[in-house]
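2 protein chains.
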Amino acid sequence: MDKKSAKESTANDLRKGERTREEILDQALRTAARGGLGTLSIGNLAKEVNMSKSGLFVHFGSKENLEQAVVDRASDLFFNYVVLPTEESGLEGIEQLWTLCDLWLGLVEDRVFAGDYFFTGAFCQCARQDGSIPQRIAETVWRWHKALKRAVEKGQRHGEILDTIDSKRIALELNGLLLGAQWSHLMEGEDRTQARSAILAKLASIATDEIPASAFASLKDWRKYLESRRP
Amino acid sequence: MDKKSAKESTANDLRKGERTREEILDQALRTAARGGLGTLSIGNLAKEVNMSKSGLFVHFGSKENLEQAVVDRASDLFFNYVVLPTEESGLEGIEQLWTLCDLWLGLVEDRVFAGDYFFTGAFCQCARQDGSIPQRIAETVWRWHKALKRAVEKGQRHGEILDTIDSKRIALELNGLLLGAQWSHLMEGEDRTQARSAILAKLASIATDEIPASAFASLKDWRKYLESRRP
Chain A
1 MDKKSAKEST ANDLRKGERT REEILDQALR TAARGGLGTL SIGNLAKEVN MSKSGLFVHF
61 GSKENLEQAV VDRASDLFFN YVVLPTEESG LEGIEQLWTL CDLWLGLVED RVFAGDYFFT
121 GAFCQCARQD GSIPQRIAET VWRWHKALKR AVEKGQRHGE ILDTIDSKRI ALELNGLLLG
181 AQWSHLMEGE DRTQARSAIL AKLASIATDE IPASAFASLK DWRKYLESRR P
Chain B
1 MDKKSAKEST ANDLRKGERT REEILDQALR TAARGGLGTL SIGNLAKEVN MSKSGLFVHF
61 GSKENLEQAV VDRASDLFFN YVVLPTEESG LEGIEQLWTL CDLWLGLVED RVFAGDYFFT
121 GAFCQCARQD GSIPQRIAET VWRWHKALKR AVEKGQRHGE ILDTIDSKRI ALELNGLLLG
181 AQWSHLMEGE DRTQARSAIL AKLASIATDE IPASAFASLK DWRKYLESRR P
């Protein structure tokens with residue numbers, strides 16, 4: 001083999017290694033999202049992806065590393081689905097806050113995670129534990145909280161959310177509405193309207209006169225209003 | 001040994017067996033409440049209670065039986081702490097609904113479970129799974145939801161909650177507020193006021209004129225009002 005093809009071959013091996021790692025992580029995340037991180041086992045995972053346990057160890061080294069990689073992947077998935085598109089969308093004022101909540105609900109409804117463990121279950125389970133995994137889960141929860149808070153503040157700077165309200169408190173309240181909606185969704189199944197109406201009512205209560213009250217009359221009116229303000 | 005003392009000795013053995021079983025379950029519940037049911041292991045549990053694995057098997061027979069017993073114990077603990085005292089208290093009208101929510105928050109704040117897995121984490125983790133354990137967890141969640149709904153309806157019959165509201169919807173909304181409060185509590189630590197103020201605001205929005213509006217002005221006013229209507 002000449003130097004060039006040796007180099008290409010190494011690059012190919014690396015790419016293949018990365019792909020395999022991704023496939024293992026996808027499967028691990030499906031399992032963890034369904035039953036919790038506690039249900040991950042190197043042995044079962046190896047069977048599910050048709051590898052030997054030692055082959056799997058090459059990629060992750062330890063159960064703890066695997067768990068960390070799963071949490072990181074779940075975190076990336078969450079932020080790429082909910083937060084990044086919203087913050088990079090150029091949406092302004094109160095609409096950014098709305099979109100964060102709307103996408104968060106979409107994540108639950110569309111079952112982007114195979115189960116409901118991430119991050120609601122995971123946080124409840126890990127919140128008071130020590131260690132690097134609980135810490136990473138808590139970090140994700142805090143990052144999410146901060147994204148909500150930032151969106152409230154952006155809406156305030158934009159003059160569409162009342163200056164007098166406490167952004168942290170509103171972030172916690174909106175998060176509570178979302179959790180309640182996830183719970184209802186788990187209990188009752190499909191209902192894409194009720195949770196969004198509750199979010200809309202909350203937004204109506206913190207909006208300034210910049211936004212016509214009629215915009216908050218119904219979800220339909222709200223969507224029409226958002227449509228109307230786009231360039 | 002004469003007949004009488006043989007009988008006494010059997011009774012003592014039974015009581016001792018029950019006590020041991022309770023002790024094992026207490027320890028198992030502490031573990032599961034912290035890390036989830038997935039972290040329960042017969043081996044670790046045996047070490048924690050200073051028994052042999054085979055000795056532990058005498059009491060539960062299988063890991064699944066142990067998990068079921070833990071869920072049942074958690075469920076009993078929850079209902080004995082929140083629902084039964086409320087329903088047996090003879091509290092009337094809207095006060096019963098308030099007390100359910102107040103005790104639910106107390107359960108989280110006082111860490112009646114050693115961790116936050118039961119039942120919020122457990123339900124998120126198990127909601128879409130099949131099997132007898134997820135089913136028992138879901139049953140507990142439904143029983144709780146029904147207790148809330150029943151309290152709303154009782155308040156309606158008592159003329160203190162508006163007839164026009166949908167009891168199921170209010171039960172879900174109150175539950176959402178409670179979950180949001182639990183989450184805030186996990187993120188932010190102690191705050192016994194904010195969640196109760198949010199519950200009180202929700203009650204104010206569904207109360208009839210039977211209750212003076214001034215009662216809802218603050219938590220202090222609310223407690224004073226409740227005090228004043230007791231015989």
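Line order of the protein sequences matches chains A and B.
The first sequence maps to residues 1 to 231 in our numbering.
The second sequence maps to residues 1 to 231 in our numbering.
Where is the CB? At the ideal position from N, CA and C, for every residue including glycine.
>> Given this structure, state the Cα-to-Cα distance separating I42(B) from S41(A), to the nearest angstrom.
In response: Computed Cα separation, rounded: 17 angstroms.
> In the structure shown, what three-state DSSP assignment does I161(A) receive?
Replying inline: Taken through DSSP and simplified to helix, strand or coil, I161(A) comes out as strand.
>> Measuring only the C-alpha atoms, how far is D221(B) from L174(A)?
In response: The C-alpha of D221(B) lies about 26 angstroms from the C-alpha of L174(A).
> Which residues in the same chain as I133(A) place their Cβ atom closer than 8 angstroms to its Cβ, once the five residues preceding and following it in sequence are excluded?
Replying inline: Taken in chain order, the residues that qualify are L37, E64, E67, Q68, V71, C126.
>> Quick check on DSSP: helix, strand or coil for A74(A)?
In response: Helix.
> Could one say the Cβ of S197(A) lies closer than 7 angstroms to chain B's Cβ atoms, at least one of them?
Replying inline: Closer than 7 angstroms: no.
>> Less than 7 angstroms between CB atoms is the rule here; does T179(A) satisfy it with respect to chain B?
In response: Before going on, a small fix: residue 179(A) reads as Leu here, not Thr. By the rule that beta-carbons nearer than 7 angstroms mark a contact, L179(A) touches chain B.
>> Within the continuous alpha helix (DSSP H) that includes Q129(A), where are the two ends?
In response: That residue, Q129(A), is in no alpha helix (DSSP H); it is neither H nor E in DSSP.
>> Give the list of continuous alpha helix (DSSP H) stretches no shorter than 4 residues that lie fully inside the region 43 to 95 of chain A.
In response: Qualifying alpha helix (DSSP H) stretches, in chain order: 53 to 60, 63 to 78, 84 to 87.
>> Between which residues of its own chain and E210(A) is the CB-CB distance below 6 angstroms, once the five residues before and five after are set aside?
In response: If we look at E210(A) and ignore the five residues flanking it on each side, its Cβ neighbours are G159, E160.
>> Just to confirm my understanding: we take V152(B), look at its own chain, exclude 5 residues before and 5 after, and list those with CB closer than 7 angstroms. What are they?
In response: Correct list, in chain order: L97, I161, S167, I170, A171.
> Helix, strand or coil for A217(A) per DSSP?
Replying inline: Looking at A217(A) - three-state DSSP - the assignment turns out to be coil, as it is neither helix nor strand.
>> Across the region 94 to 109 of chain B and the region 8 to 20 of chain A, are there enough close Cβ pairs to call them in contact, namely three or more that are closer than 8 angstroms?
In response: Cβ pair count under 8 angstroms is below three, so no.
> Taking Cβ positions only, does Q135(B) come closer than 7 angstroms to chain A?
Replying inline: Under the Cβ distance rule, Q135(B) does not count among the residues neighbouring chain A, no pair being separated by less than 7 angstroms.
> Where R204(B) and A215(B) are concerned, what is the direct C-alpha to C-alpha distance, given to the nearest angstrom?
Replying inline: First, the amino acid is wrong: residue 204(B) is Ala here, not Arg. Going from the Cα of A204(B) to the Cα of A215(B) covers about 9 angstroms.
>> Comparing C-alpha positions only, which one of G189(A), Q156(A), Q129(A) sits nearest to A32(B)?
In response: Taking only the C-alpha atoms, the option nearest A32(B) is Q129(A).
> Using the beta-carbon count (16 or more within 10 Å), is W142(B) buried or exposed?
Replying inline: The residue in question, W142(B), is exposed, as its Cβ has fewer than 16 Cβ neighbours within 10 Å.
>> Could you compute how far the alpha carbon of S228(A) sits from the alpha carbon of V83(A)?
In response: Our two residues, S228(A) and V83(A), have alpha carbons roughly 23 angstroms apart in a direct line.
> A127(A) versus chain B: which residues are under 7 angstroms apart at the beta carbon?
Replying inline: Here the neighbours are D116, L186.
>> Tell me which residue opens and which closes the alpha helix (DSSP H) that A114(A) is part of.
In response: Counting along the chain, A114(A) falls outside any alpha helix (DSSP H), and DSSP gives it neither H nor E.
> Among L200(A), E8(A), G61(A), L186(A), which has the Cα closest to the Cα of C101(A)?
Replying inline: Between C101(A) and the set L200(A), E8(A), G61(A), L186(A), the nearest pair of CA atoms involves L200(A).
> By Cβ distance, which residues of its chain are closer than 7 angstroms to A23(B), with the 5 residues on each side in sequence left out?
Replying inline: In the sequence on display, residue 23(B) carries Glu and not Ala. Counting only residues of its own chain and dropping the five nearest sequence neighbours on each side, E23(B) has a CB closer than 7 angstroms to the CB of V49.
> Any Cβ of chain B within less than 7 angstroms of the Cβ of S203(A)?
Replying inline: Going by the sequence as given, residue 203(A) is Leu instead of Ser. No, because no Cβ of chain B sits closer than 7 angstroms to the Cβ of L203(A).
> Can you name the start and end residues of the alpha helix (DSSP H) that L37(B) belongs to?
Replying inline: L37(B) -> no alpha helix (DSSP H), and no H or E assigned at all.
> Which term fits D116(A), buried or exposed, when burial requires 16 or more other beta carbons within 10 angstroms of its beta carbon?
Replying inline: Looking at its Cβ environment, which holds 16 or more other Cβ atoms inside 10 Å, D116(A) is buried.
> Which residues in the same chain as G55(A) place their Cβ atom closer than 8 angstroms to its Cβ, once the five residues preceding and following it in sequence are excluded?
Replying inline: Excluding sequence neighbours, G55(A) sits near A46.
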